[in-house]
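Just below is one structure, and these are the notes that go with it.
Structure (structure tokens):
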């Protein structure tokens, strides 16, 4: 009951690194520090995709991550929103010649992109806040649909 109350008013994100140099991950983690404090916007980071509204995916999709990323996407509850973070997630960046399957949108559907190598934390926050109303409205529709079926 309490968890449901707060989930209606907040966005929960899960950070997934599918390979790469970790430059984007450093910027993503800096969102939790006091300078950017992403929680002030009602955005919370979870390690569990079953708790997430938004998947933040960084890095090119390497071969070991191809099926795993699909599994994580399937475990994410409806509505599923995916944000590709950084040049590697969008176009494989400097890893095009490596052992990669391709950018994130070749593996799972992507709803928003954040270009840059690495993108600034403020740009990441802007992108999440841009998809937040979409996530919240889709969640409301999904909850109403479930309630009407029962």
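Residue numbers (full-length UniProt numbering): 1 to 150.
Here a beta-carbon is modelled for each residue, glycine too, at the ideal position from N, C-alpha and C.
Quantities reported herein were computed from a predicted structural model and do not represent experimental measurements.
Pairwise C-alpha distance: residue j and residue i
i, j, result
"residue 102", "residue 94", "12 Å"
"residue 107", "residue 18", "11 Å"
"residue 142", "residue 37", "29 Å"
"residue 66", "residue 114", "21 Å"
"residue 70", "residue 40", "31 Å"
"residue 120", "residue 150", "44 Å"
"residue 23", "residue 132", "24 Å"
8 Å contact criterion, which residue i and residue j should meet: CB distance rounded
i, j, result
"residue 98", "residue 58", "Contact flag wrong, Cβ pair sits at about 16 Å."
"residue 125", "residue 56", "Rounded, the Cβ-Cβ distance is 11 Å, inconsistent with contact."
"residue 42", "residue 88", "Not a contact, Cβ separation roughly 28 Å."
Buried or exposed by the 16-neighbour rule on C-beta atoms within 10 Å, applied to residue i
i, result
"residue 26", "exposed"
"residue 47", "exposed"
"residue 11", "buried"
"residue 148", "exposed"
Beta-carbon proximity of residue i to residue j, cut-off 8 Å
i, j, result
"residue 135", "residue 54", "yes"
"residue 84", "residue 104", "yes"
"residue 63", "residue 16", "no"
"residue 159", "residue 50", "For residue 159 there is no data in the structure shown, the boundaries of the chain being 1 and 150."
"residue 82", "residue 118", "no"
For the region 15-83, list the beta strand (DSSP E) runs that are entirely contained and at least 3 residues long, ordered along the chain. Fully enclosed beta strand (DSSP E) runs of 3 or longer: 43-46, 54-58.
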